[in-house]
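Position one of the sequence shown corresponds to residue 89 (this note's numbering), numbered consecutively onward.
All C-beta atoms in this analysis are idealised placements derived from N, C-alpha and C, irrespective of residue type, glycine included.
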Amino acid sequence: MAKTTTKKTGASIAELERQRLTSLINSMTDGVVAVDKNFKVVIYNGAALGLLDINHIQEGTPLGDVLKLVDKDEKAVTVAHLVEKRNIATISRDHRISYSDGSLVNLYISIAPVHLGYGKAADQGFVVVLRDITHEKSLEEERDEFISVVSHELRTPIAIAEGNLSNAQLLAEKQLQAPEITGSLQQAYNQVTFLSGMINDLSMLSRAEHNKLTLKTADINVHDLLNELKKLYEPQAHEKGLALHIRLDPKLELLHTSQLYVREILQNFITNAIKYTDKGSVTVAAKSTPRGVTFDVHDTGIGISKGDQEKVFQKFFRSEDFRTRQHNGTGLGLYVCAKLTKLLDATISLDSELNKGTTFSITVPNQPKK
Ligand SMILES: Nc1ncnc2c1ncn2[C@@H]1O[C@H](COP(=O)(O)OP(=O)(O)O)[C@@H](O)[C@H]1O
Ligand SMILES: [Mg+2]
């Protein structure tokens, strides 16, 4: 009699322990699955079910039946494989779960050896912790891409500027004629201008991404703005043998918005138009609309294919067209433009035909005056 009571109490203590453990691991946000030495499931929590996308795991189910892991090359791997010959915790951030519908989730997975023993003398097993790190992974990838684009784009202009400055120095030392020195200085100047434009894009981008951009409005004289831009970009256009025209609607009135952002957008449109046009012209037009002003930047350049037109406002997008790749660029300019357009309550659009030319347009409404 006494014997059975003891046994019963022992069993319920083990059951109690198990319940406590279950409620403890169920309070965790990471998926937890404990397996025995044969990688059969002993215990698991709700978060694990969520990650594995199933409702229930039968105790004793081989872990490999419910957790389909793949490596970087999408080759199947088993948890047993990952811990082979290791007695310490294994951590990986390079594996993914592959679901039956073909979708994949990036996984943080930690597999630690433990002694699982409800009474049975300390059976060896493993605790597997799973976490969805798809979001972190995409941030990492974006950061890597960013660093690679920026460092690559910085290299060429800095090398050219460096070479030209040292050349100019040499010529000056030898007291050679001025035209050669001015040529070198001009080259160096162009490259440094490109770099400062790029750094401007980057700082605008980082402020836009951190929602740090505010709208400071003022009355803009559109005539003056376009005339200034013409003066600023004419040398670049002429250097490529392109004409730069401006067309102004005589009915234009003052536009009340952010001068800085409108200018930034137009500068992006104009530099792109000059960059991606080899012959012909670039025309910047402004016309009055019921709510504000529409600006068009038209060029007779390489054009943008229908497929690319959908992507030009994406971060880092640059066309695969070899004529695009002949020029420096980060693929950030139009992305920044799209961000600024939102802040201005403006609308942006483009019309383009491959090998004929492109028109980028932005319609900017008047902001309410405070
Ligand atoms: N006026 C244009 N003519 C042809 N292609 C253009 C023009 N403007 C933009 N594009 C295409 O859109 C892409 C994205 O433009 P942008 O974000 O300014 O990047 P970037 O100028 O650094 O390449 C360019 O790489 C190019 O493929
Ligand atoms: Mg650009």
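Cβ-Cβ distance between residue i and residue j below 8 Å
| i | j | result |
| --- | --- | --- |
| Lys318 | Leu330 | no |
| Thr451 | Thr345 | no |
| Val400 | Ile358 | no |
| Leu204 | Leu242 | no |
| Ala325 | Gln279 | no |
| Leu340 | Ala361 | no |
| Leu170 | Ser180 | yes |
| Phe127 | Leu151 | yes |
| Leu218 | Gly148 | no |
| Ile353 | Leu301 | no |
| Asn315 | Ile334 | yes |
| Val129 | Ile145 | yes |
| Ala200 | Ala168 | no |
| Asp387 | Thr418 | no |
| Ile308 | Leu264 | no |
| Asp433 | Pro456 | no |
| Val121 | Ala136 | yes |
| Val154 | Leu140 | yes |
| Leu313 | Arg351 | yes |
| Val216 | Val158 | no |
| Glu349 | Leu290 | Correcting the residue type first, residue 349 is Tyr in the shown sequence and not Glu. No. |
Closest by C-alpha distance to residue i, when choosing among the options
| i | options | result |
| --- | --- | --- |
| Met116 | Asn133, Lys125, Leu336 and Lys339 | Asn133 |
| Leu259 | Ala249, Ile246, Ala247 and Leu273 | Leu273 |
| Ile197 | Ala434, Phe214, Ala426 and Gly285 | Phe214 |
| Ser393 | Glu441, Lys427 and Arg351 | Glu441 |
| Arg411 | Gly421, Gln397 and Ile390 | Ile390 |
| Gly421 | Thr365, Gln355, Thr388 and Phe234 | Gln355 |
| Thr222 | Val193, Lys430 and Ser449 | Val193 |
| Lys156 | Asn309, Asn126, Glu147 and Asp189 | Asp189 |
| Ser449 | His415, Leu348 and Thr382 | Thr382 |
| Asp439 | Pro456, Leu432, Val130 and Asp396 | Asp396 |
| Asp220 | Glu229, Leu195 and Glu233 | Leu195 |
| Val424 | Asp232, Val121 and Asn299 | Asn299 |
| Asp161 | Leu343, Asp182, Val202 and Glu268 | Asp182 |
| Thr305 | Asp124, Lys367, Gln347 and Asp159 | Gln347 |
| Phe404 | Glu233, Val165, Thr166 and Ser294 | Glu233 |
| Leu336 | Tyr349, Thr371, Lys328 and Ala296 | Thr371 |
| Leu322 | Ser294, Ser369 and Asn416 | Rather than Leu, the amino acid found at residue 322 in this sequence is Glu. It is Ser369. |
| Thr244 | Gln275, Gln212 and Gln257 | Gln275 |
| Val237 | Lys367, Gln257, Asn416 and Glu224 | Asn416 |
| Asn252 | Ile269, Thr447 and Glu229 | Ile269 |
| Glu230 | Gln402, Val216, Thr446 and Asn114 | Gln402 |
| Lys225 | Ile235, His240, Ala426 and Arg184 | Arg184 |
| Thr281 | Tyr349, Arg406 and Leu320 | Leu320 |
| Gln212 | Asp409, Glu105, Lys444 and Lys125 | Lys125 |
| Ile436 | Gly445, Glu398, Ala426 and Ala247 | Ala426 |
| Lys367 | Val165, Asn443 and Arg379 | Asn443 |
| Gly445 | Gln257, Lys363 and Arg295 | Lys363 |
| Val310 | Ser239, Gln414 and Gly380 | Gly380 |
Minimum Cβ-Cβ distance from residue i to chain D less than 8 Å
| i | result |
| --- | --- |
| Thr117 | You won't find chain D in this structure, because it holds only one protein chain. |
Counterpart residues of residue i in DSSP-defined beta bridges
| i | result |
| --- | --- |
| Ser343 | Rather than Ser, the amino acid found at residue 343 in this sequence is Leu. Looking at the DSSP assignment, Leu343 forms a beta bridge with Ile308. |
| Glu441 | Gly445 |
| Pro453 | Gly380 |
| Leu336 | Ala374 |
| Arg184 | Val158 and Asn194 |
| Ala164 | Val158 |
| Ile436 | Ile450 |
| Thr178 | Ile199 |
Query raised in the report: What beta strand (DSSP E) runs, 3 residues minimum, are completely inside the segment 347-425?
Result: 369-376 and 380-387
**Report entry** Sequence-ordered residues whose beta carbon comes within less than 6 Å of a heavy atom of ligand 2
**Finding:** Asn356, Thr359, Asn360, Gly417 and Gly421
Query raised in the report: Which parts of the segment 191-261 are runs of the alpha helix (DSSP H), unbroken and 4 residues or longer, counting only runs that do not cross its ends?
Result: 222-261
Requested in this report: Entirely within the segment 279-331 and at least 4 residues each: give me those alpha helix (DSSP H) ranges in chain order.
Outcome: Entirely contained in the segment 279-331, the alpha helix (DSSP H) runs reaching 4 residues are, in chain order, 310-327.
Report task. Run through the segment 119-153 for me and flag every whole alpha helix (DSSP H) of 4 or more residues, listed as ranges in chain order. Result -> 134-140
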